[in-house]
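If you count the sequence shown from 1, you need to add 83 to reach our numbering.
Beta carbons: idealized from backbone N, C-alpha and C, even for Gly.
Just below is one structure, and these are the notes that go with it.
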Amino acid sequence: MRITAIHLENVGPFRRTNWSLDPARGFHLLVGPNEAGKSTVLRALGDALFGYPRTPPDGEFFQPYRDRRVGLTLASDDGGELSFLRRKATSQSLRALDDTAVVAEALLQKQLGSVDRARFERFFGLDHASLVKGGLELLGSEGDIGAILFAGSQLRGAPQVLAQLEQEAAKLFSPRAQIPRLNSHLKEHAELVSAMNQLMVKPQAWRTIKQEFDAAQAELEELGGQLKEMETRCNQLLRLNAACVPARELRHIQNQLETFKSLPLLDEAFFEKVAEVLEQHRRATEERALRLAEQQQLAASAADFPTVDPVWLDLDEALAELVATRGSILKARKDALKVREDLREQQAKLAAASQLLKTSDSSQLPALSKKIRKQLETLQSARTVLRERHSALAQRTAQLADEQTRLSLAPSFDKEALTSELLAHQARLTELSALVTREAEATSWATDRSSLEKSLRQLFKRLEGLSQVPTVGETTDLSAAWEHLAALPLPSLETIEANRQELDTLQGATRQQTATLEQIETDLARATQERQSLRDLVLNTT
């Protein structure tokens with residue numbers, strides 16, 4: 084017979100513990116620290132094979148005696164197997180592993196044979212106390228094993244020898260003596276054993292602590308359940324609070340929008356027009372900023388111009404004509420040099436032709452006549468052109484001389500002509516001052532325009548708010564409320580018409596300001612061009 088499995092259903096600290104002792108794995112060694120349950124398992128083996136004693140052993144108070152369950156699986160030499168469970172009972176204590184079916188004691192007795200509990204504990208259930216007791220029996224030749232051992236070894240006088248040894252030991256040690264060293268060591272050992280016993284946990288104390296621990300564990304589990312319930316309730320309240328805020332807001336919006344139920348919806352192109360007007364306004368603002376920057380640059384550059392004598396400003400036309408005449412004179416001088424060079428070249432060619440006629444033979448006259456005729460024709464045409472150009476240059480030179488004479492007498496013009504020209508220039512300056520005034524007006528219009536833009540933005544915000552917040556009925560579903568909001572009408576036709584009229588007014592004011600700015604920019608460009616022409620005239624004259 085061999086034990087192949089141990090089933091500790093309710094033994095000591097073990098609950099539903101199964102240990103497999105497979106024979107194929109050889110020798111099994113179970114180790115563990117103190118109070119791990121090794122001695123409890125050893126006693127449980129004897130209880131499983133031979134039944135529980137009437138009273139429990141000392142120190143085993145883990146559970147009530149009647150609730151203990153221990154089982155084994157036995158393998159016989161012929162290959163049979165028996166599994167059973169032992170419980171505390173006066174009859175039918177041997178059950179199957181399910182603790183319901185009864186197993187006959189004869190099946191177990193067949194496996195045990197002639198082995199009883201005492202023999203099993205002597206040969207297979209040795210513990211520390213049994214080993215000490217057996218050793219003492221061997222030394223005293225007591226018991227069956229001691230007698231057999233000493234008889235076989237022919238030591239029948241061993242007790243007498245032991246008695247003599249005890250007498251000799253008494254000389255070294257006496258239980259009540261205090262001089263021998265062993266007494267002091269034994270006293271110290273006794274004190275240590277007493278301290279160890281005090282430090283050991285008593286079964287009753289352990290059971291009390293275990294009961295308190297179980298009660299605290301149960302209370303902890305109960306408090307954990309209450310905590311989970313409170314957390315669940317807190318989460319519910321938080322969700323309700325989060326849902327109440329939008330509900331209150333919706334109710335507030337509903338009360339505010341009761342007056343807009345009968346208002347029609349805006350057309351889809353309304354906000355596109357608004358966006359287009361805003362874009363035009365933005366472009367006009369950017370363009371105005373650019374023009375103002377250019378105007379400031381022109382004003383700064385105008386301050387750098389040199390101061391011109393009013394007399395030269397009055398004679399601007401005469402100066403312009405003089406500059407043009409000067410250019411013509413310079414061009415005529417350049418052309419005269421070229422014409423003189425052409426005349427000298429043609430005269431040289433004519434002299435060469437005359438010399439050729441004088442030195443040529445009579446036989447070559449026909450050929451020479453054709454060649455010379457061509458050259459003469461060419462020279463004649465070139466001479467004609469040169470004469471025409473010379474006469475034109477002479478005529479132009481005479482005109483320039485007359486013009487120079489007239490210009491030299493220009494400062495002696497009568498006062499009436501100078502006064503008229505001065506008035507003309509003063510009118511031009513008045514026009515420039517009017518441009519400056521219009522620039523100041525444009526600045527004020529820009530300020531008004533910014534206020535109009537602000538009003539326009541407020542109007543757009545108001546229109547967007549009216550077009551995006553519909554009326555809501557009494558409902559608790561937020562998604563359905565918003566769908567209902569999207570389906571309801573918006574402001575009245577009178578409100579929309581008033582807003583459109585205000586928008587048209589703002590657009591008209593914007594267009595008017597844009598046109599004014601463009602006119603100012605045109606006038607500034609013209610004035611700048613005139614000032615530049617005057618500056619060039621003065622520079623060329625000087």
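Exercise for review: Look at the Cβ atom of residue 85, then the Cβ atom of residue 131, and state whether they are nearer than 8 Å.
Suggested key: no
Check your understanding: Are the Cβ atoms of residue 127 and residue 91 separated by less than 8 Å?
Key -> yes
Practice item. List the residues that DSSP assigns as beta-bridge partners of residue 103. Key: 88
**Study point:** Bridge partner(s) assigned by DSSP for residue 156
**Key:** 88 and 166
Exercise for review: Confirm, please, whether the CB-CB distance from residue 97 to residue 129 is below 8 Å.
Suggested key: no
Point to revise | Local conformation of residue 569 per DSSP, three classes | key: With a pLDDT of only 48 at residue 569, under 50, the local geometry of the prediction cannot be trusted, and the value read off the model is given with reservation. In the structure shown, residue 569 sits in a helix (DSSP, three-state: H, G or I).
Check your understanding: Where do the N-terminal and C-terminal ends of the alpha helix (DSSP H) with residue 297 fall, by residue?
Key -> 286-339
Practice item. With DSSP as the reference, please indicate the residues paired to residue 178 in a beta bridge. Key: 168 and 185
Review point. Is it the case that the Cβ atoms of residue 635 and residue 210 are separated by a distance below 8 Å?
Key: Residue 635 lies beyond the range of the chain shown here (84 to 625); nothing can be said about it.
Review point. What residues match up with residue 93 in a beta bridge as DSSP calls it?
Key: 98 and 152
Practice item. State the Cα-Cα distance for the pair residue 272 and residue 244, rounded to the nearest angstrom. Key: 28 Å
Exercise for review: Within the same chain, show all residues whose beta-carbon is closer than 8 Å to that of residue 106, passing over the 5 residues directly before and after it, in chain order.
Suggested key: 85, 87 and 158
Point to revise | Unbroken alpha helix (DSSP H) run spanning residue 122, endpoints | key: 121-133
Review point. Under a Cβ-count criterion, where at least 16 other Cβ atoms within 10 Å of its own Cβ denotes burial, should residue 328 be classed as buried or exposed?
Key: exposed
Review point. Exposed or buried, which one is residue 335 when buried takes at least 16 other CB atoms within 10 Å?
Key: exposed
Point to revise | Rounded separation between residue 344 and residue 605 - CA only | key: 52 Å
Exercise for review: In angstroms with no decimal places, state the Cα-to-Cα distance between residue 103 and residue 112.
Suggested key: 12 Å
Exercise for review: State buried or exposed for residue 219, treating a residue as buried only when at least 16 other CB atoms are found within 10 Å of its CB.
Suggested key: exposed
Practice item. Give the straight-line distance between the Cα atoms of residue 414 and residue 420, rounded to the nearest whole angstrom. Key: 10 Å
Check your understanding: Taking Cβ positions, are residue 153 and residue 169 nearer each other than 8 Å?
Key -> yes
Exercise for review: In the DSSP assignment, find the unbroken alpha helix (DSSP H) run with residue 204 in it and report its ends.
Suggested key: 200-206
Practice item. Please report how far the alpha carbon of residue 550 lies from the alpha carbon of residue 361, in whole angstroms. Key: The pLDDT assigned to residue 550 is 45, lower than 50, so where the model puts this residue is not dependable, and the model offers no usable value.
Exercise for review: Compute the beta-carbon to beta-carbon distance between residue 135 and residue 193, rounded to the nearest angstrom, for a pair I have assumed lies under 8 Å.
Suggested key: In fact, because the Cβ distance is near 21 Å, the residues do not count as touching under 8 Å.
Point to revise | Beta-carbon contacts of residue 115 that lie in its chain and below 6 Å, excluding the five residues immediately before and after | key: 121
Practice item. Just confirm the distance between the C-beta atoms of residue 188 and residue 177, as a whole number of angstroms; I'd bet it's less than 8 Å. Key: 6 Å
Point to revise | Sub-8 Å separation of residue 191 and residue 167 beta-carbons | key: yes
Check your understanding: Mapping DSSP to helix, strand and coil, what is residue 214?
Key -> helix
Check your understanding: Using DSSP with H/G/I as helix, E/B as strand and the rest coil, what is residue 280?
Key -> helix
**Study point:** Cα-Cα separation between residue 382 and residue 369, rounded to whole angstroms
**Key:** 20 Å
Check your understanding: Quick one: is residue 215 buried, meaning 16 or more other Cβ sit within 10 Å of its Cβ, or exposed?
Key -> exposed
**Study point:** Pick from 602, 403, 162 and 326 that is closest to residue 374, judged by C-alpha positions
**Key:** 602
Review point. Cα-Cα, which of 403, 354 and 125 is closest to residue 208?
Key: 125
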